[in-house]
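What follows is a short report on a single structure.
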DNA sequence: TGATGATAGTTTAGATATAAAATATTTACA
DNA sequence: TGTAAATATTTTATATCTAAACTATCATCA
């Protein structure tokens, strides 16, 4: 049916993408740990909470936004709560749901870390000019749409 | 000294890069596990070995190329050896060194998986045309150079 | 030589991640 | 209503990953 042959392999693109992320991620992880004693997983978790419009997210929402499993979120939440950075609150409307909120300490720590983090990202990517960065961002947005379209198609068995 | 203000934040670029990789990685991980019962970590490890010019790599080389810690490589090698996919060989010239090689089973399994893996990547990114993919690849190469330049500069305390 | 330092790998302790099963609660509907 | 299905989270078992300490071997050079 589909006669277009894959005469263009995207494997190299994928491998480069993966390697670039690993390179930057590794550096950010190390700096966060050394400067603030916090893992990248915890930082990303706190970032989601901080940016949440209501200031609160459920365990499920956190798992979805961070793209990790539920069991992982349970463990991270346990450790962050032990650190005094977040707090669980049972949702009064649905007793299955755990709402998570930042504590004062959590908010304060995140704001400090976020400033550093953004600075590090800008430093690491400072060799890119605005045009290059915009081109990349645009291409990545297109890529995201393309991948999501493929994944959506697979979960939509409309045509058979 | 440096008067150029960071009027252009790269944070959004970094976050999009990270999310795109997570999206594809998640899908590839699941398919490798379901279709071949192999983790992404093991697949990446086998890929490095398969592509090694001499067909062999030391533990240290594997860690460097995969950008993971030495302890991680020890564990992965243990499990892959238990699976019968790789074999350790002490280097006769340096008894500290462990050379790792693919077994026949390891080679055969990897070749099957690699074909599937490349097909999945091409399918997931099939919404990108050749021009878009080339632009992205080029931008990512520039980005890699830019990041490596920053990191190299930090480890080169020549000017003070 | 033989001490000193560098290098390669392993071990250890613990954090982070997964999948799958289990639990608790809510929703839908016969 | 009441029961079955769906949903949200936790638990369990295990794999993956890190940093730091440790072991073994090699290289240097007085």
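Protein chains in written order, with the numbering used here: chain G, 16 to 175; chain E, 16 to 175.
Here a beta-carbon is modelled for each residue, glycine too, at the ideal position from N, C-alpha and C.
Within-8 Å CB hit, residue i to chain E
i: residue 51 of chain G; result: no
i: residue 119 of chain G; result: no
i: residue 41 of chain G; result: yes
i: residue 54 of chain G; result: no
i: residue 154 of chain G; result: yes
i: residue 48 of chain G; result: no
i: residue 166 of chain G; result: yes
i: residue 35 of chain G; result: yes
i: residue 104 of chain G; result: no
i: residue 78 of chain G; result: no
i: residue 148 of chain G; result: yes
Distance cut-off 7 Å: residue i Cβ against heavy atoms of the ligand GDP
i: residue 81 of chain G; result: You won't find the ligand GDP in this model; it holds no ligand whatsoever.
CB-CB length for residue i against residue j, believed under 8 Å
i: residue 165 of chain E; j: residue 138 of chain G; result: 6 Å
i: residue 3 of chain E; j: residue 55 of chain E; result: Outside the displayed span of chain E (16 to 175) sits residue 3 of chain E, for which this structure offers no information.
i: residue 101 of chain E; j: residue 81 of chain E; result: Between residue 81 of chain E and residue 101 of chain E the Cβ distance is about 13 Å, and since that is not below 8 Å, they are no contact.
i: residue 151 of chain E; j: residue 95 of chain G; result: In fact, because the Cβ distance is near 35 Å, the residues do not count as touching under 8 Å.
i: residue 33 of chain E; j: residue 36 of chain G; result: 6 Å
i: residue 132 of chain E; j: residue 47 of chain E; result: 7 Å
Chain-order list of residues whose beta-carbon lies under 6 Å from that of residue i (same chain, five-residue window excluded)
i: residue 74 of chain E; result: 88 and 113
i: residue 129 of chain E; result: none
i: residue 65 of chain E; result: 125
i: residue 78 of chain E; result: 85 and 88
i: residue 106 of chain E; result: 112 and 114
i: residue 145 of chain E; result: none
With 16 other Cβ atoms within 10 Å as the buried cut-off, status of residue i
i: residue 90 of chain G; result: exposed
i: residue 127 of chain E; result: exposed
i: residue 115 of chain E; result: buried
i: residue 97 of chain G; result: exposed
i: residue 57 of chain G; result: buried
i: residue 148 of chain G; result: buried
i: residue 163 of chain G; result: exposed
i: residue 154 of chain G; result: buried
8 Å CB neighbourhood of residue i in its chain, flanking five on each side removed
i: residue 175 of chain E; result: Low per-residue confidence applies at residue 175 of chain E: pLDDT is 34, beneath 50, and the placement is therefore not dependable, though the value from the model is reported in the following sentence. Contacts found: none.
i: residue 52 of chain G; result: none
i: residue 26 of chain G; result: none
i: residue 86 of chain E; result: none
i: residue 71 of chain E; result: 64, 104, 114, 115 and 116
i: residue 99 of chain G; result: 118, 120 and 121
i: residue 44 of chain E; result: 54 and 55
i: residue 109 of chain E; result: none
Chain G contact for residue i (CB, 8 Å cutoff)
i: residue 82 of chain E; result: yes
i: residue 128 of chain E; result: no
i: residue 91 of chain E; result: no
i: residue 87 of chain E; result: no
i: residue 45 of chain E; result: no
i: residue 139 of chain E; result: yes
i: residue 159 of chain E; result: yes
i: residue 174 of chain E; result: Only weak support exists for where residue 174 of chain E lies, its pLDDT of 43 falling under 50; the value from the coordinates is given anyway. Output row for residue 174 of chain E: interface = no.
i: residue 99 of chain E; result: no
i: residue 131 of chain E; result: no
i: residue 123 of chain E; result: no
i: residue 162 of chain E; result: yes
i: residue 75 of chain E; result: no
Close beta carbons around residue i, own chain, < 7 Å, minus the five adjacent residues each side
i: residue 31 of chain E; result: none
*For the segment 58-78 of chain G and the segment 115-123 of chain G, state whether three or more C-beta atom pairs, one from each stretch, are separated by less than 8 Å.*
yes
*Between the segment 140-154 of chain G and the segment 155-162 of chain E, do three or more beta carbon pairs fall short of 8 Å?*
yes
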